[in-house]
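A.B. asks: Can you read through this structure? Questions will come right after.
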Amino acid sequence: MKNILITGGAGFIGSHVIRLFVTKYPEYKIVNLDKLTYAGNLANLKDIEGEANYRFVKADICDFEKICEVLKEHAIDGIIHLAAESHVDRSIKDPFTFAKTNVLGTLSLLQAARMYWESQPEGYEGKRFYHISTDEVYGALQLTNPEGIESPFTTKASSSEHHHAYGTDFFTEETKYTPHSPYSASKAGSDHFVRAFHDTYGMPTIVTNCSNNYGPYQFPEKLIPLFINNIRHRKPLPVYGKGENVRDWLYVVDHARAIDTIFHKGKIADTYNIGGFNEWKNIDIIKVVIKTVDRLLGRKEGEDMDLITYVTDRPGHDARYAIDSRKLKEELGWEPSLQFEEGIEKTVRWYLEHQDWLDNVTSGDYLNYYEKMYSNR
Ligand code: NAD
Ligand code: DAU
C-alpha cells in the first residue's frame with residue numbers, strides 16, 4: 073500500500089500516528105484529512121508538515137462528495153480512521169454531534185471507500201480500512217477489589233510501583249458491547265458499521281479497541297493535561313465522584329506503534345484490543361501527577377494536594393476499564409515499550425515545557441493556525 077488516508081490526524085492520537093508514518097515510511101504518501109474542530113490543531117504537526125510525503129486536506133468526514141473526491145485524487149489504498157468526537161463529557165451535553173460525526177461520518181467514509189475501491193479493476197485487493205475504536209464500547213467492569221490485587225498480567229507499560237488490578241475480569245475481543253455514554257454508543261455504532269461493510273460487501277476491514285491514552289498533544293479537557301495545567305496555575309482539580317473509577321493507561325506513542333503493526337500485519341475482519349495492563353484509580357494517578365508537577369516546578373512535592381476538589385460525578389460514569397491485550401502480543405508480537413512512571417514523567421515535562429502550546433489551545437488562538445499556514449497554498 074502506498075497512498076494512505078489518515079483521518080483525524082490533527083488530533084491527539086492522530087498526530088502521533090501521522091508523525092510515525094511520515095517519518096518511518098518515506099515511500100508512502102500520507103494524506104491527513106481533518107475538519108479541524110476545536111480538538112484539531114495543526115501545530116501538533118509542525119515538525120513534519122514540510123515533508124515531501126505529507127499532505128493535509130481540510131474536510132469533514134460527513135461530506136460524502138468531498139471524501140469521494142479525495143480518495144480518487146490521491147488514489148487511496150489504505151485508510152486509518154481516527155476522526156471522531158472523543159470527549160465523554162461533551163457527548164453528555166451534545167449527543168447529536170457525536171452521532172453525526174462518529175456514526176454518520178464513519179458511514180460516509182465507508183461508503184466512499186466502497187464506491188472508489190469497487191470501481192477499480194483490482195477491487196478490494198491490496199486495500200484496507202482500519203477503524204480506531206475504544207474500550208468504552210465494552211461498557212464497565214465491576215470494581216470487585218477496590219483495594220487492588222496483584223494483577224495476573226504485566227507488560228513493559230505496567231507501573232513499577234503497583235501491579236494492581238481492581239477486579240478479576242478484563243475486556244477481551246469477545247466481550248459483549250454495552251456502551252453507556254452517548255460517546256461510547258456512537259463509537260459502538262461506528263464499529264458495527266465497519267464490520268457490516270466487511271460482512272456485506274467484503275471490504276477488508278480491521279477494528280481495534282484501545283484503553284486510555286496519555287502523552288503530549290492531548291487536548292486539555294481530558295484528565296491528565298487538564299490537571300497538569302490547573303496544578304501549574306494553582307486552580308482547583310475537579311475530581312468526579314469519589315475519584316475511585318479505574319482507567320487503564322497507555323502511552324500514546326505505544327498506541328501509534330500498535331496501529332502501525334496492526335495496519336501492516338493484522339488479519340482482515342479481525343479485532344484487536346490494545347492496552348498495557350496498567351490500571352489506576354483516578355485519585356491515585358492524580359496524586360502521582362500532582363507530585364510530579366510539584367517536583368518539576370521546584371515546589372515541595374505534594375504541596376498542591378489541597379487543589380483536589382471532589383465534584384458531582386459524571387452521569388453514567390463507568391467504574392472500571394481494563395483491557396486484555398494478550399491476543400495482540402501473541403499473534404502480532406506488539407508490546408508496549410514505555411514503562412508508566414517514565415511515561416508520566418515525560419508527559420508532565422512535555423506540558424510544562426510547552427506552556428505556549430497549552431496557552432494557545434486554552435486561549436483558542438490555535439484555531440487560526442490553518443488560515444495562517446494554509447490559506448495561500
Ligand atoms: P481528539 O479529539 O484529540 O482528535 C479528534 C480529531 O478528529 C481532531 O483533529 C478533529 O478535528 C477531528 N475531527 C472531528 N470531527 C471530524 C469530522 N467530522 N471530520 C474530520 N475530522 C474530524 O481525539 P483522540 O483522543 O486523538 O482520539 C482519536 C481516535 O481514537 C478517536 O476515534 C477516539 O474514539 C479513539 N480513541 C481515543 C482514546 C483516547 O484515550 N484518547 C482511546 C481509545 C480510542
Ligand atoms: O478508554 C478510552 C477513552 O478514554 C477514549 O475512548 C476517550 O476518547 C478518552 O477521552 C478517554 O475517556 P475517559 O472518559 O476515560 O477520559 P477522561 O480524561 O475524560 O477521564 C478520565 C477519568 O477521569 C474518568 O474516570 C473521568 C475522570 N475525570 C475526568 C475529568 C476530565 C475527573 O475526575 N475529572 C475531570 O475533570
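At position 334 of the sequence shown the residue is numbered 406 (our numbering), and the sequence of numbers has no breaks. Backbone N, C-alpha and C define an ideal beta-carbon position, used for all residues, glycine too.
1) Starting from the N-terminal side, write out each stretch of the beta strand (DSSP E) that is 3 residues or longer and does not extend beyond the segment 315–348.
2) Tell me the start and end of each unbroken beta strand (DSSP E) in the segment 116–186 that is at least 3 residues and wholly inside, in chain order.
3) Quick check: what's the CA-CA separation for Gly261 versus Tyr249?
4) Do Ala155 and Gly80 have their beta-carbon atoms positioned less than 8 Å apart in this structure?
5) Less than 8 Å separating the beta-carbons of His252 and Gly313?
6) Skipping 5 residues on each side, what residues in its chain have a beta carbon closer than 6 Å to that of Pro98?
7) Under 7 Å: does the beta carbon of Leu154 sit that close to some heavy atom of the ligand NAD?
8) Just verifying my parser: in three-state terms, what is the DSSP assignment at Phe412?
9) Express the C-alpha separation of Lys399 and Thr333 in angstroms, rounding to a whole number.
10) Whose CA, out of Trp406, Ile300 and Asp356, lies closest to the CA of Glu511?
11) Hey, out of Val279, Ile355, Tyr382 and His336, whose CA is closest to His203's CA?
12) Specify the secondary structure class of His264 as computed by DSSP and reduced to three states.
13) Return the CA-CA distance between His159 and Asp166, expressed in angstroms with no decimal places.
14) Assuming Ala131 contacts Gly112 (C-beta within less than 8 Å), just tell me the rounded distance between them.
15) Taking contact to mean at least 3 C-beta pairs separated by less than 8 Å, is the segment 410–419 in contact with the segment 279–291?
16) What span of residues does the alpha helix (DSSP H) with Lys96 cover, start to end?
17) Identify whether Leu108 lies in helix, strand or coil by the three-state DSSP scheme.
18) Quick one: residues in its chain with C-beta nearer than 8 Å to the C-beta of Gly86, no 5 flanking neighbours on either side, listed in chain order?
19) What residue range is occupied by the uninterrupted beta strand (DSSP E) comprising Asn113?
20) Nearest to Val51 by CA position, among Tyr382, Val318, Phe291 and Asn317, is which residue?
21) Which two residues bound the contiguous alpha helix (DSSP H) that contains Thr79?
22) Three or more C-beta pairs closer than 8 Å, one from the segment 210–224 and one from the segment 175–184: is that the case here?
23) Do Pro276 and Ile340 count as a contact pair if the criterion is CB distance below 8 Å?
24) For the candidate residues Val318, Tyr196, Asp326 and Ser205, whose alpha-carbon lies nearest to that of Glu157?
25) List in chain order: all unbroken alpha helix (DSSP H) runs of 4+ residues lying wholly within the segment 255–306.
26) Among Asp135, Ser230 and Ala171, which has the Cα closest to the Cα of Pro254?
27) Quick one: is the Cβ of Cys282 within less than 7 Å of any heavy atom of the ligand NAD?
28) Could you name the residues of the same chain whose beta carbon sits closer than 6 Å to that of Lys138, not counting the 5 residues immediately before and after it, in chain order?
29) With distance defined between alpha-carbon atoms, name the residue in Gly150, Phe335, Thr343 and Ala229 nearest to His264.
C.D. replies: With the structure as the only source:
1) Unbroken beta strand (DSSP E) stretches of 3 residues or longer found wholly inside the segment 315–348: 318–323 and 343–346, given in chain order.
2) 126–130 and 150–153
3) In this model, Gly261 and Tyr249 are separated by some 10 Å (Cα to Cα).
4) yes
5) Going by C-beta atoms, His252 is not nearer than 8 Å to Gly313.
6) Asn125
7) yes
8) Note: Phe412 maps to helix in three-state DSSP.
9) 13 Å
10) The first residue shown for the chain is 73 and the last is 449, placing residue 511 beyond what the model contains.
11) Val279
12) Helix.
13) 11 Å
14) Contact flag wrong, Cβ pair sits at about 11 Å.
15) yes
16) Phe84 to Lys96
17) Per DSSP, reduced to three states, the secondary structure at Leu108 is coil, with no helix or strand assignment.
18) Ile78, Thr79, Gly80, Asn104, Asp106, Leu154 and Ala155
19) Premise fails: Asn113 is in no beta strand (DSSP E) and is neither H nor E.
20) Coverage of the chain is limited to positions 73 through 449, which leaves residue 51 absent and any answer about it impossible.
21) No alpha helix (DSSP H) contains Thr79, which is instead part of the beta strand (DSSP E) from Asn75 to Thr79.
22) Three or more beta-carbon pairs separated by less than 8 Å are not found between the segment 210–224 and the segment 175–184, which leaves the two stretches without contact.
23) yes
24) Ser205
25) Correct list: 295–304.
26) Ala171
27) yes
28) Excluding residues within five positions, the ones whose Cβ falls inside 6 Å are Ala131.
29) Thr343
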